[in-house]
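Peer 1:
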Amino acid sequence: MAGIGGVARHVLDVVEAGIPGWRIVVLAPAGPLSDRLHELGVPTLVEQFGPEAGLSASRQALSHAVTRLRPDVVHTHLAFADVTAASISPGRAALVSTEHGIAADDRVYHRSAARSAAAAAVHRARLARFDALIAVSQATALAMQDKWHPRQPITVLPNGVDRHPEEDATAGNRASGLRITSLARLAPEKGLPELLDAFAVVLADHPEARLTVAGEGPLQEDLVRRSLVLGIDRAVEFPGFVDATAQLARTDVLAQLSVWENCSYSLLDAVVAGAGVVATPVGGNPEILPERCLIGRDDPEAVAAVLVDQGLRPDYRPALRPAWPSCTDMTARLADIYESAVMTRQRRRRSA
Numbered sequence: 005m006a007g008i009g010g011v012a013r014h015v016l017d018v019v020e021a022g023i024p025g026w027r028i029v030v031l032a033p034a035g036p037l038s039d040r041l042h043e044l045g046v047p048t049l050v051e052q053f054g055p056e057a058g059l060s061a062s063r064q065a066l067s068h069a070v071t072r073l074r075p076d077v078v079h080t081h082l083a084f085a086d087v088t089a090a091s092i093s094p095g096r097a098a099l100v101s102t103e104h105g106i107a108a109d110d111r112v113y114h115r116s117a118a119r120s121a122a123a124a125a126v127h128r129a130r131l132a133r134f135d136a137l138i139a140v141s142q143a144t145a146l147a148m149q150d151k152w153h154p155r156q157p158i159t160v161l162p163n164g165v166d167r168h169p170e171e172d173a174t175a176g177n178r179a180s181g182l183r184i185t186s187l188a189r190l191a192p193e194k195g196l197p198e199l200l201d202a203f204a205v206v207l208a209d210h211p212e213a214r215l216t217v218a219g220e221g222p223l224q225e226d227l228v229r230r231s232l233v234l235g236i237d238r239a240v241e242f243p244g245f246v247d248a249t250a251q252l253a254r255t256d257v258l259a260q261l262s263v264w265e266n267c268s269y270s271l272l273d274a275v276v277a278g279a280g281v282v283a284t285p286v287g288g289n290p291e292i293l294p295e296r297c298l299i300g301r302d303d304p305e306a307v308a309a310v311l312v313d314q315g316l317r318p319d320y321r322p323a324l325r326p327a328w329p330s331c332t333d334m335t336a337r338l339a340d341i342y343e344s345a346v347m348t349r350q351r352r353r354r355s356a
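Here the sequence shown stands for residues 5 to 356, numbered as in our numbering.
(1) How far does the beta strand (DSSP E) with S186 in it extend, from its first residue to its last?
(2) In terms of DSSP beta bridges, what is T284 paired with?
(3) Considering just the uninterrupted stretch of the beta strand (DSSP E) at H79, what are its terminal residues?
(4) Could you please give the first and the last residue of the uninterrupted alpha helix (DSSP H) stretch that includes F203?
(5) Going along the chain, which residues of its own chain have a beta-carbon closer than 6 Å to the beta-carbon of A173, five neighbours each way excluded?
(6) Where does H14 land, buried or exposed, given buried means 16+ other C-beta within 10 angstroms?
(7) Would you be able to state if there are at least three C-beta pairs under 8 Å between the region 339–350 and the region 285–301?
(8) DSSP puts V50 in a beta bridge; with which residues?
(9) Is it the case that the region 151–162 contacts the region 181–193, given that we only count it when at least three CB pairs across the two stretches are under 8 Å?
(10) Would you mind stating whether A44 and E20 have Cβ atoms separated by less than 9 Å?
(11) Please report the straight-line C-alpha distance between L49 and A69, rounded to a whole angstrom.
(12) Within 10 Å of its beta-carbon, does V275 have 16 or more other beta-carbons around it, so buried, or fewer, so exposed?
(13) When DSSP labels each residue in this structure, what does L215 get in the three-state scheme?
(14) So C267 and P162 are supposed to be a Cβ contact under 8 Å. How far apart are they, rounded?
(15) Please classify T102: does DSSP put it in a helix, a strand, or coil?
(16) Since I believe V18 is in contact with T335 (beta carbons under 8 Å), could you give me their beta-carbon distance rounded to a whole number of angstroms?
(17) So is H79 buried or exposed if we call it buried at 16+ other beta carbons inside 10 Å?
(18) Would you call the region 254–265 and the region 225–238 touching, i.e. three or more CB-CB distances under 8 Å?
(19) Between which two residues does the alpha helix (DSSP H) holding V11 run?
(20) Considering only DSSP beta bridges, list what E241 is partnered with.
(21) What separation, rounded to the nearest whole angstrom, lies between the Cα atoms of S180 and G244?
(22) Tell me the start and end of each unbroken beta strand (DSSP E) in the region 113–146 that is at least 3 residues and wholly inside, in chain order.
(23) State the DSSP-derived secondary structure class of Q156, mapped to helix, strand or coil.
(24) On the DSSP bridge list, what partners appear for A259?
(25) Go to R337, then tell me how far its alpha helix (DSSP H) extends in each direction, as first and last residue.
(26) What residues in its chain sit with their C-beta under 7 Å from that of P322, if we drop five residues either side in the sequence?
(27) I need the boundaries of the alpha helix (DSSP H) containing Y320, first residue and last residue.
(28) Only counting the same chain, and skipping five residues up and downstream in sequence, which positions put a Cβ closer than 7 Å to that of L199?
(29) If you pair each beta-carbon of the region 60–75 with each one of the region 305–316, do three or more pairs fall below 8 Å?
(30) Of all the options A123, A98 and T348, which has the alpha carbon lying nearest to the alpha carbon of A4?
(31) Answer yes or no: do P33 and G54 have a C-beta to C-beta separation smaller than 9 Å?
(32) Inspect the beta-carbon positions of L182 and L311 and report whether they are closer than 9 Å.
(33) Does the distance from the CB of R133 to the CB of A89 come in under 9 Å?
(34) In chain order, what residues of the same chain lie with their CB nearer than 6 Å to the CB of V205, ignoring the 5 residues before and after it?
(35) Got a sec? Which residues, its chain only, sit under 6 Å from P75 by beta carbon, not counting five neighbours each side?
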């Protein structure tokens with residue numbers, strides 16, 4: 005479904021699995037996520053909230069929700085929501101934050117050193133208000149420690165993904181092929197020009213290969229132009245948003261040459277579906293994938309070789325690590341984190 009990915013996907017997985025012992029109410033702006041939550045019958049407050057609404061309106065929406073619902077826990081995702089929660093009086097509610105989008109290299113998300121320093125200062129200040137911190141990968145936790153120096157411990161809780169017995173039985177039997185897909189925003193940090201360069205090398209030796217660059221973003225016109233210059237346009241399509249599950253079912257290799265990823269749902273879904281995977285050895289990617297799937301993006305010939313291996317050698321494709329949490333494993337751990345956060349908040353209020 006267009007517009008459902010990343011943190012929105014995470015929220016949907018959590019509410020569908022349920023957090024044992026806890027009632028979940030979601031505060032979100034109008035859009036695909038709130039529409040889907042209503043379809044699922046999840047209690048949802050649709051409010052003016054988020055960067056587009058602005059801090060004042062967002063603070064008002066969250067304060068009203070806290071006053072109305074008197075929650076035990078306010079759990080925020082992404083920087084704007086974290087800062088908004090830190091700027092209000094949460095009453096008795098414990099504040100919990102999950103970090104999905106920090107990078108070791110500040111240039112991924114900030115255009116200048118000044119912006120990076122300002123963002124780090126804001127985060128260090130807001131962390132003092134939080135009772136529990138969650139990171140979606142070890143790499144994310146290390147980046148948080150390095151940049152923000154929190155006094156609270158950080159719990160690493162990867163995005164849960166469910167294995168499906170029927171997929172497990174057939175994943176290893178998927179045919180070989182070179183139908184390659186990228187499922188990503190068409191943005192500079194996703195390494196898409198480098199993917200086109202590598203695909204040109206693949207196509208020279210394997211004229212049957214095909215590449216689907218799914219998604220939308222500011223680089224779309226540049227990427228279409230690059231495919232024309234490289235002479236690979238006959239074998240490349242840019243369909244915009246696609247249904248990720250359906251696309252992975254007709255994909256032999258998922259390619260993701262990002263500058264940074266924290267805990268990529270695209271990689272997890274591709275592995276569960278039995279597709280080959282090629283990704284950069286950055287962020288949380290090595291926590292998901294074996295070394296044979298990881299390659300730096302600056303050498304088109306090397307990237308092409310791994311794409312071909314993953315496409316034509318199904319036995320070489322990755323499998324989900326046995327200890328990787330399912331969605332219910334993830335939410336069971338969330339319940340424990342909430343209990344601990346509530347006790348921490350109570351201690352802090354008593355000592356205030």
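In this text, a Cβ means the ideal position worked out from N, Cα and C, and glycines have one as well.
Peer 2: In short, the structure shows the following:
(1) Its beta strand (DSSP E) spans residues R183 to L187.
(2) DSSP output for T284 lists no bridge partner at all.
(3) Segment V77 to H81, the beta strand (DSSP E) holding H79.
(4) L196 to D209 is the extent of the alpha helix (DSSP H) around F203.
(5) Per-residue confidence for A173 stands at a pLDDT of 45, beneath the threshold of 50, marking its modelled position as unreliable; no derived number is given.
(6) H14 should be labelled buried.
(7) No, they do not touch.
(8) When beta bridges are read from the DSSP output, V50 appears opposite A32.
(9) Inter-segment contact for the region 181–193 and the region 151–162 is absent: fewer than three beta-carbon pairs are separated by less than 8 Å.
(10) First, the residue type needs correcting, since residue 44 is Leu and not Ala in the sequence shown. Going by C-beta atoms, L44 is nearer than 9 Å to E20.
(11) Each residue's alpha carbon lies about 8 Å from the other.
(12) Counting of Cβ neighbours within 10 angstroms places V275 among the buried residues, the total reaching 16 or more.
(13) Note: L215 maps to strand in three-state DSSP.
(14) Your pair C267 and P162 checks out as a contact, with CB atoms roughly 5 Å apart and the cut at 8 Å.
(15) Residue state, collapsed to three classes: strand.
(16) Correct: roughly 6 Å between the Cβ atoms.
(17) The residue is buried, with at least 16 neighbouring Cβ atoms inside 10 Å.
(18) Contact between the region 254–265 and the region 225–238 is absent, because fewer than three Cβ pairs lie under 8 Å.
(19) Counting along the chain, the alpha helix (DSSP H) containing V11 begins and ends at V11 to A21.
(20) Answer by DSSP bridge pairing, in chain order: T216.
(21) Distance from the CA atom of S180 to the CA atom of G244, rounded to whole angstroms, is 26 Å.
(22) With a minimum length of 3 residues, the continuous beta strand (DSSP E) runs that stay inside the region 113–146 are 136–139.
(23) Coil, per DSSP.
(24) In DSSP, A259 forms a bridge with V282.
(25) First-last of the alpha helix (DSSP H) with R337: C331 to S355.
(26) The beta carbon of P322 is closer than 7 Å to those of V275, V281, L293, P294 and C297 in its chain, skipping five residues each way along the sequence.
(27) No alpha helix (DSSP H) contains Y320, which DSSP labels as neither H nor E.
(28) Closer than 7 Å at Cβ, skipping near neighbours: S186, A259 and L261.
(29) No contact exists between the region 60–75 and the region 305–316.
(30) With the chain covering 5 to 356 only, the question about residue 4 has no answer from this structure.
(31) The answer is yes: Cβ separation under 9 Å.
(32) Result yes, Cβ atoms of L182 and L311 sit closer than 9 Å.
(33) Contact annotation: R133 and A89 have beta-carbon atoms nearer than 9 Å.
(34) Once the five neighbours on either side are set aside, the close Cβ partners of V205 are P304, E305 and A308.
(35) These residues qualify, in order along the chain: A97.
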